[in-house]
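Student: With full-length UniProt numbering, the residue at position 98 of the sequence shown is 98, and numbering never jumps.
Positions of the beta carbon are idealized from the N, C-alpha and C atoms, including for glycine.
This structure is a prediction, so every number in the text was calculated from the model and none was measured.
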Amino acid sequence: MRTVVAVIETGSFTAASERLGISKSLTSKYVNRVEEQLGVKLFHRTTRKLSVNQSGQEYYLQAQQVLAKFDQLYHQLNSNNKEASGPLRVTASQGFAEELLSPLIPEFHARYPDIQIDIIVTNQKLDLVEQGIDIAFRASELEDSNLRYRKVMSLQSSVYAAPDLAKQYRHDMELKQLPCLIDNNLHSTARWPVASALNQSNTGNSLTVRAVFKSNSPRLIRQLTLSAVGASYQPDIIAAPYVKKGLLQKLDIGFKPLKYPLNALYRGGVYQPE
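#1: If I measure Cβ to Cβ from A162 and keep anything under 8 Å in the same chain, skipping five residues before and after, which residues do I get?
#2: Quick one: is P179 buried, meaning 16 or more other Cβ sit within 10 Å of its Cβ, or exposed?
#3: Within its chain, find whatever has a CB closer than 8 Å to the CB of L50; leave out the 5 residues flanking it on each side and keep chain order.
#4: Can you tell me whether D164 is buried or exposed? The criterion is at least 16 other CB atoms within 10 Å of its CB, across all chains shown.
#5: What is the DSSP secondary structure of Q124, counted as helix, strand or coil?
#6: Which same chain residues, not among the five before or five after E130, have their C-beta less than 8 Å away from its C-beta?
#7: Decide yes or no for the touch test of the region 230 to 237 against the region 109 to 128: beta carbon pairs closer than 8 Å, at least 3 of them.
#8: L101: which of T189, V152 and L67 sits nearest, CA to CA?
#9: How about S232 and D183: do their beta carbons lie closer than 8 Å?
#10: Pop quiz: K259 and A195 are said to be a contact at Cβ under 8 Å. What is the actual Cβ separation, rounded to whole angstroms?
#11: Looking at V209: is its Cβ nearer than 8 Å to the Cβ of W192?
#12: Closest to A97 by C-alpha separation, out of Q116, T122, L207 and A68, would be which residue?
#13: Run through DSSP, which three-state label would D236 get?
#14: Could you check what DSSP says for D134 in three-state terms: helix, strand or coil?
#15: Which class does I22 belong to by DSSP, given the choice of helix, strand or coil?
#16: Below 8 Å between beta carbons: does that hold for D114 and R89?
#17: Starting from the C-beta of N53, find all residues in its chain whose C-beta is less than 7 Å away, skip the five residues before and the five after it, and write them out in chain order.
#18: Let me know the secondary structure DSSP gives G95 once reduced to three states.
#19: By a C-beta neighbour count over all protein chains shown, 10 Å radius and 16 as the cutoff for buried, is P218 buried or exposed?
#20: Let me check understanding here. Comparing Cα to Cα, which of I221, G230 and E99 lies closest to K176?
#21: On the DSSP bridge assignment, give the partners of M153 in chain order.
#22: Assuming A264 contacts Y149 under a Cβ cut-off of 8 Å, what Cβ separation, rounded to an integer in Å, is found between them?
#23: Using the three-state DSSP reduction, which class does Y112 fall into: helix, strand or coil?
#24: Would you identify the three-state DSSP class for V52, choosing helix, strand or coil?
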């Protein structure tokens, strides 16, 4: 039943087998066995495409409920006698995974040694059902109402620069001349929000900045910021150690901090482990 559900959700035998950790041939065997037991076909099969038919849709809806009840029963009977175990598939952005999540993994592993963690590091918003993902950490406002979530923390990013660049700005540089490093994950254009009208070609509440470098790699942006190539938005929680060492300075120069929540998203269902 789990195999049939996985094939329907992923749309292919190959993706389902990868999610379940079994071979493609065994996946096909399980689906065939279910169809033989039911006496109906659940899929339309061609050499190029696999699609679920009406019987498959009806089976899928019922199977979800049965599996949820089974998981709930299994959890109730075993929760007092068994530690948490099994695979846990997680996705997170590069910045969050490398800077905030990685320091927590050793302690988590020590506490739950029987959980096998698989982390997909990407700045793309992956489909949790299609990719078989248990938890997705996203630092943004939520748009998908089909997903459940828990707020982990509130984040804020401010403009930072290396001390040499910060000193140069304070003495003889206008705001529009400040060399800026653009993190494409935060800004779709080279416009940064400002706190007030600055009379420097300002339109509304944002200002077109002098972009000297763009990238979707937060780590690369930070390294160039440390090298005084330009100023950039950095999460305050990540910049704090560099500020303490005197390697970065926050520039309170009129640019507004960016505030956003960090949420842990997961698929809905009758049973969800705490």
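Tutor: So, from the data block:
#1: T225, L226, S227, A228, L247, L248 and Q249
#2: buried
#3: V7, G11, S12, F13, F43 and H44
#4: exposed
#5: coil
#6: E9, T10, G11 and A15
#7: no
#8: V152
#9: yes
#10: The pair is not a contact, with the Cβ atoms about 13 Å apart (cut-off 8 Å).
#11: yes
#12: T122
#13: helix
#14: coil
#15: coil
#16: no
#17: K41, L42, F43 and H44
#18: helix
#19: buried
#20: G230
#21: L262
#22: 6 Å
#23: coil
#24: strand
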